[in-house]
Amino acid sequence: RIIDDDDDDAKNRKKLRLMKNRESAHRSRARKQAYIYELEQEVAQLMEENSKLKKQLKMKR
Numbered sequence: 001r002i003i004d005d006d007d008d009d010a011k012n013r014k015k016l017r018l019m020k021n022r023e024s025a026h027r028s029r030a031r032k033q034a035y036i037y038e039l040e041q042e043v044a045q046l047m048e049e050n051s052k053l054k055k056q057l058k059m060k061r
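Residue numbering for the sequence shown is 1 to 61, as defined by UniProt numbering.
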């Protein structure tokens, strides 16, 4: 019985560790996705600003 209890404890610890790791990986992927979205938004905004500045420069020539 003691061996069974130790085995059950080990299995429970492993399940808990796997569950926490899965949750951590999920949060990590969500953070990465949000970061990429922010970068894409910034790129779009900078491209728009660059285009406006190029037009202004062209008009001054």
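Ideal Cβ placement from N, Cα and C applies to all residues, glycine included. Computed from a predicted structure; not experimentally measured.
Check, Outcome
"Three-state class that DSSP yields for R22 in the structure shown", "helix"
"Pairwise C-alpha distance: D6 and A44", "57 angstroms"
"Distance between K14 and Y35 (C-alpha atoms, nearest Å)", "31 angstroms"
"Length of the line joining the Cα atoms of K52 and K58", "10 angstroms"
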